[in-house]
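Remember, this note's numbering sits 23 above the position in the sequence shown when you count from 1.
All C-beta atoms, glycine included, are put in the ideal place defined by N, C-alpha and C.
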Amino acid sequence: MTYRLIIGLVAWVSMTSMASADWNICNKTGYPVQVAIGYAKGKVWWSEGWWEIDPGGECLAVVSGDLANKYYYYYAAHLEVGGEWSGDYNFCVSDNAFTIKNRSSGDSLNCEGRSYDTEGFIEVDTKESRSWTTNLVD
């Protein structure tokens, strides 16, 4: 009886871990970082933040579940020492926690006109994977 219970528990844990699919961002630096993400949902572009990720390999799921898009975007900054991970894809951000509708097809971004800041995000090509991990390194 105990043997069957252990086998069943091992099988359940294996299936649960295989079913998990997220976009994880891991902080492989020696300092805390703050992360914002951008993505399309239908014809609308969104940005969300901020997640604080502790140093030394800490990971957080910034998108939970199977990934719906081939491309996602992120911006990250060191909290204590300056420096950032930025790119060529502009999204709106706020100083406080946020979820911002950036634009629909054909609309202009106009972050400042809506009392937000603009940051350049880095594009992540997930190659249509169900899950993805991005590592932030110095």
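Let's test the definition: count the other Cβ atoms within 10 Å of the Cβ of residue i and tell me whether it reaches 16, buried, or not, exposed.
{"i": "residue 160", "result": "exposed"}
{"i": "residue 142", "result": "buried"}
{"i": "residue 122", "result": "exposed"}
{"i": "residue 85", "result": "buried"}
{"i": "residue 58", "result": "buried"}
For the beta strand (DSSP E) containing residue i, name the first residue and the last one.
{"i": "residue 82", "result": "81-87"}
{"i": "residue 64", "result": "56-64"}
{"i": "residue 139", "result": "Unbroken run through residue 139: none, as it is neither H nor E."}
{"i": "residue 132", "result": "Segment: none, residue 132 is in no beta strand (DSSP E) and carries neither H nor E."}
{"i": "residue 45", "result": "45-50"}
{"i": "residue 72", "result": "67-76"}
{"i": "residue 116", "result": "112-116"}
Cutting at 8 Å between CB atoms, please list the residues of its own chain near residue i, excluding the five before and the five after it.
{"i": "residue 93", "result": "148, 149, 150 and 151"}
{"i": "residue 153", "result": "44, 89 and 90"}
{"i": "residue 156", "result": "46, 47, 48, 49 and 82"}
For residue i, tell me which candidate among the options has the shortest Cα-Cα distance.
{"i": "residue 140", "options": "65, 146 and 125", "result": "125"}
{"i": "residue 64", "options": "56, 127, 144 and 138", "result": "127"}
{"i": "residue 53", "options": "66, 59, 100 and 67", "result": "100"}
Residues in its own chain within less than 6 Å of residue i by CB, not counting five upstream and five downstream?
{"i": "residue 114", "result": "61, 70, 125 and 144"}
{"i": "residue 87", "result": "45"}
{"i": "residue 117", "result": "139"}
Using a Cβ-Cβ cut-off of 7 Å (strictly less than) and excluding sequence neighbours within five positions of residue i, which residues of its own chain qualify?
{"i": "residue 56", "result": "50, 76, 99, 100, 101, 102 and 159"}
{"i": "residue 138", "result": "none"}
Exercise for the section: Flag this pair as touching only if the stretch 80-93 and the stretch 132-141 have three or more C-beta atom pairs under 8 Å; answer yes or no. Expected result: no
Exercise for the section: Report yes or no: do three or more beta-carbon pairs, one from the stretch 63-76 and one from the stretch 103-110, lie closer than 8 Å? Expected result: no
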